[in-house]
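Going from the sequence shown to the working numbering is simple: count from 1 and add 8.
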Amino acid sequence: MTLDDRLRAAPGGVIETSTDGRVLDVDETAAATLESTTEALCGTNIRDAFPQSAAGTLREAFDGEAVTDCSFEEYYPRVDRWLAVDVHVGDTVLVYVRDRTDRMAEKERVDQLERRLERVREINGVVATVLQRVVDASDRTSVGETVCERLAGAGPYRFAWVGERDFPDEELRELAAAGDAPDLRSRIDEALGGEGTLPERAALETGGAQLVGAIADEESIPRGVRRAAFGHGVKSCYAVPLAYRGTTYGVVSVYSGREDGFSEQERAVLETLAHVGGFAVRALRQEDLLVADSITEVTIGVDDESLPFARAARQAGRRLSLDGAVPRGDGAVVCYLSVDDVGGDSDATDDDAAQTDDGSRPELRTTLVDDEAVTDVRWIREGENPQIQATLVGETPVTALVAWGASVAAGEYTGESAQLVVEAPPDGEVRRIVEAVDETATETDLVAKTESTRTSETADAFRNELDERLTDRQRTVLRTAYLSDYFDSPRGSTSEEVAETLDIAGSTLLYHLRRAQQNLVGAYLDADGEPRRRPDS
Numbered sequence: 009m010t011l012d013d014r015l016r017a018a019p020g021g022v023i024e025t026s027t028d029g030r031v032l033d034v035d036e037t038a039a040a041t042l043e044s045t046t047e048a049l050c051g052t053n054i055r056d057a058f059p060q061s062a063a064g065t066l067r068e069a070f071d072g073e074a075v076t077d078c079s080f081e082e083y084y085p086r087v088d089r090w091l092a093v094d095v096h097v098g099d100t101v102l103v104y105v106r107d108r109t110d111r112m113a114e115k116e117r118v119d120q121l122e123r124r125l126e127r128v129r130e131i132n133g134v135v136a137t138v139l140q141r142v143v144d145a146s147d148r149t150s151v152g153e154t155v156c157e158r159l160a161g162a163g164p165y166r167f168a169w170v171g172e173r174d175f176p177d178e179e180l181r182e183l184a185a186a187g188d189a190p191d192l193r194s195r196i197d198e199a200l201g202g203e204g205t206l207p208e209r210a211a212l213e214t215g216g217a218q219l220v221g222a223i224a225d226e227e228s229i230p231r232g233v234r235r236a237a238f239g240h241g242v243k244s245c246y247a248v249p250l251a252y253r254g255t256t257y258g259v260v261s262v263y264s265g266r267e268d269g270f271s272e273q274e275r276a277v278l279e280t281l282a283h284v285g286g287f288a289v290r291a292l293r294q295e296d297l298l299v300a301d302s303i304t305e306v307t308i309g310v311d312d313e314s315l316p317f318a319r320a321a322r323q324a325g326r327r328l329s330l331d332g333a334v335p336r337g338d339g340a341v342v343c344y345l346s347v348d349d350v351g352g353d354s355d356a357t358d359d360d361a362a363q364t365d366d367g368s369r370p371e372l373r374t375t376l377v378d379d380e381a382v383t384d385v386r387w388i389r390e391g392e393n394p395q396i397q398a399t400l401v402g403e404t405p406v407t408a409l410v411a412w413g414a415s416v417a418a419g420e421y422t423g424e425s426a427q428l429v430v431e432a433p434p435d436g437e438v439r440r441i442v443e444a445v446d447e448t449a450t451e452t453d454l455v456a457k458t459e460s461t462r463t464s465e466t467a468d469a470f471r472n473e474l475d476e477r478l479t480d481r482q483r484t485v486l487r488t489a490y491l492s493d494y495f496d497s498p499r500g501s502t503s504e505e506v507a508e509t510l511d512i513a514g515s516t517l518l519y520h521l522r523r524a525q526q527n528l529v530g531a532y533l534d535a536d537g538e539p540r541r542r543p544d545s
């Protein structure tokens, strides 16, 4: 059989040698694979003609007392290829050569993806645990400690740090840190008040995540931080704002022992964690307000005729009073506004007021409906003491305050300005409250600040107060409906069955039931639309 005949059955290129390694013949495929020519290879010793690998397996096959059959795959740097080599011994030696570079590259990509997937699974497991514990955290420090303790040491992560935003100074202060890098922790603390650009500070200032693929090469990072990171084998960092509904409450940063140590999937998971952390911090701020023994009440003046409710008041020639504001949970705030006498136009006369009594209401609703920052507009009451509902969805003083965690107790809008009454915990940053409004309006002013102490009452006192609000008939209807499982889901009894039990008409039952519920809810909300403190049990 000639070499050409053998080539037709060969899976790749082929080299024919003598048993001592002298190259007798080479096909074009083998020569091209070795980046040579048949003329250059023929007559040479295969030990010299064939590229060298780190293991040197082919050389060993020819260096023994006799050449033996063998097969192997190795990387050859000179030609930058992975080659599969099969040595078959007969009267001569045939060395089959196949280029496996593409297959090995694909295998490496698959292995890399599998490793990355395993890392993401591990991190997802850690984050799932963190999310549950964050939601159950009792204070902001617990949120930070939970995040750090679980992230530090997860996979390639060496160190985790959480900083809280100090609103009055717009700076970061450490809330918690964990990991085997004490020097890095102290250097970050020093750099917070010094020169240089920390990833954490950049995340706070820009409101966006900061990825540092190689800390050692990032000269904008303070030198002390870079040296401490190098000393602990920390090579990359990802800093994400703890933000919720547009307000940044702090920053969580994770440091990895690998360069470019954060895949796209990992970054997405960490951003989700930071978002939930921001939600938890905001919820804890609101809880501080609900359970505080004393509150700070702040009255803020806003001069901006472009405010949605101010514009509507001007167009309708009316004054709008904010009876209550209810956060919807997605950043929007549902507002309930009473429509009062003429306001916002100092030159209006009594005749003007009389003329606007009927004609202003359609115009008021139309103005609100046409505003991009307002949705879901409808009349709650018309006629005497009219009230309108409108949901704020844009950047306004009310939505900014709610996002910050304050409670908007009341407000008044005229044609060009507004006054908002805001409640905050006693340690609330009043300056930040005003700044939150200032970011959404032309001009703001702190009109008043007062502190008041809440009185706590026992559960029995609270029940007695509720009982005083009910008539005998309402109490009877309410208790019967409750014991009949009318309020369960699914209901244990229908309204008709409860009415039959009391031997009254169904419409009468529903009338007394609604009035009783109205009295009870009014007592809980304290008649001003804001939650009152729960009684002590």
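Cβ atoms here follow ideal geometry from the backbone N, Cα and C, with glycine treated the same way. Here the structure is a predicted model, which is why all the values come from computation and not from measurement.
Among G269, E443, E153 and V248, which has the Cα closest to the Cα of V310? Distances from the alpha-carbon of V310 to those of G269, E443, E153 and V248 put E443 closest.
Please check the pair S415 and E431, which I expect to be a contact at CB under 8 Å, by giving their CB distance rounded to whole angstroms. With a contact defined as Cβ atoms closer than 8 Å, S415 and E431 qualify at about 4 Å.
Apart from the five residues just before and just after L518, which ones in its own chain have a Cβ nearer than 7 Å to its Cβ? Taken in chain order, the residues that qualify are S503.
Uninterrupted alpha helix (DSSP H) stretches inside the stretch 90-159 (no shorter than 4 residues): Counting only runs of at least 4 residues, the stretch 90-159 fully encloses the following alpha helix (DSSP H) elements, listed from N- to C-terminal order: 109-143 and 148-159.
T76 in three-state terms, based on DSSP: If DSSP states are grouped into helix, strand and coil, T76 belongs with coil.
Bridge-paired residues (DSSP) for I396: For I396, the beta-bridge partners assigned by DSSP are L345 and W387.
Put R499 into one of helix, strand or coil per three-state DSSP. In this structure, DSSP gives R499 a state outside helix and strand, which the three-state scheme calls coil.
Under 8 Å Cβ to Cβ from E81, same chain only, skipping five residues before and after it: list those, please. Excluding residues up to 5 positions away in sequence, W90, L91, A92, V93, R108 and M112 lie with their Cβ nearer than 8 Å to the Cβ of E81 in the same chain.
Of the choices V31, T41 and D147, whose alpha-carbon is the least far from that of R86? The option with the nearest alpha carbon to R86 is T41.
State yes or no: is the C-beta of A20 within less than 9 Å of the C-beta of R124? Here the sequence assigns Gly to residue 20, which means Ala is not the residue at that position. No, Cβ-Cβ distance for G20 and R124 is not below 9 Å.
Do the stretch 190-199 and the stretch 213-228 make contact, defined as three or more Cβ pairs closer than 8 Å? Not touching, per the Cβ criterion.
Proximal residues to T407 (C-beta, below 6 Å), its chain only, five neighbours per side dropped: V341 and L400.
So for S515, helix, strand or coil by DSSP? Helix at S515.
Below 8 Å CB to CB, which residues in the same chain sit around E203 once its five sequence neighbours on both sides are set aside? Taken in chain order, the residues that qualify are P230.
Leaving out five residues on either side along the sequence, give the residues of the same chain with a beta carbon under 7 Å from the beta carbon of E153. Counting only Cβ-Cβ distances below 7 Å, and skipping sequence neighbours, we find A184.
So who's on the other strand from S244, going by DSSP bridges? Paired residues: S264.
Only counting the same chain, and skipping five residues up and downstream in sequence, which positions put a Cβ closer than 7 Å to that of A531? Same-chain partners within the cutoff: E473, L474 and R477.
For L494, which three-state DSSP category applies? Looking at the sequence shown, residue 494 is not Leu but Tyr. In the three-state DSSP reduction, Y494 falls in the coil class, being neither helix nor strand.
According to DSSP, is P85 helix, strand or coil? P85 falls in the coil class under three-state DSSP.
Sequence-distant residues of its chain with Cβ nearer than 8 Å to T448 (five each side left out): Answer for T448: E403, T404, P405, T407 and A408, listed in chain order.
Please report the straight-line C-alpha distance between L315 and E213, rounded to a whole angstrom. Roughly 27 Å separates the two Cα atoms.
Per the DSSP calculation, R30 is bridged to which residue(s)? DSSP output for R30 lists N53 as bridge partner(s).
So if DSSP puts S415 in a beta bridge, which residue, or which two residues, is it bridged to? Within the DSSP bridge table, the entry for S415 names E431 as partners.
Can you give me the Cβ contacts of V347 inside the same chain, cut-off strictly under 6 Å, excluding the 5 residues immediately before and after it? Correct list, in chain order: R326 and P394.
Is it buried or exposed for G269, if we count other Cβ within 10 angstroms and need 16 for buried? Buried.
Decide if Y490 is buried, meaning its Cβ has at least 16 other Cβ atoms within 10 Å, or exposed. Here Y490 is exposed: its Cβ has fewer than 16 other Cβ atoms, across all protein chains shown, within 10 Å.
Residues near V429 by beta carbon distance below 7 Å, same chain, minus five either side: Around V429: E305, T307, A417, A418 and G419.
Would you mind stating whether V22 and A48 have Cβ atoms separated by less than 9 Å? Against a cut-off of 9 Å, the Cβ pair of A48 and V22 comes out as no contact.
Would you please state the rounded distance, in angstroms, between the beta carbons of A186 and A210? I believe it to be under 8 Å. Not quite, the Cβ-Cβ distance comes to about 22 Å (not below 8 Å), so this is no contact.
Go ahead and pull the three-state DSSP assignment for Q60. Three-state DSSP puts Q60 in coil, outside helix and strand.
Can you check whether the CB of V260 is closer than 9 Å to the CB of A276? Contact flag unset, no.
Since E546 is in the beta strand (DSSP E), which residue starts that stretch and which ends it? Nothing can be reported for residue 546: it is not among the residues displayed for the chain, which extend from 9 to 545.
Comparing C-alpha positions only, which one of E274, A411 and L281 sits nearest to L121? The residue with the shortest Cα to Cα distance from L121 is E274.
4 or more residues per run - each alpha helix (DSSP H) lying fully within the stretch 202-247: If one requires a minimum length of 4 residues, the alpha helix (DSSP H) runs lying completely within the stretch 202-247 are 207-214 and 231-239, in chain order.
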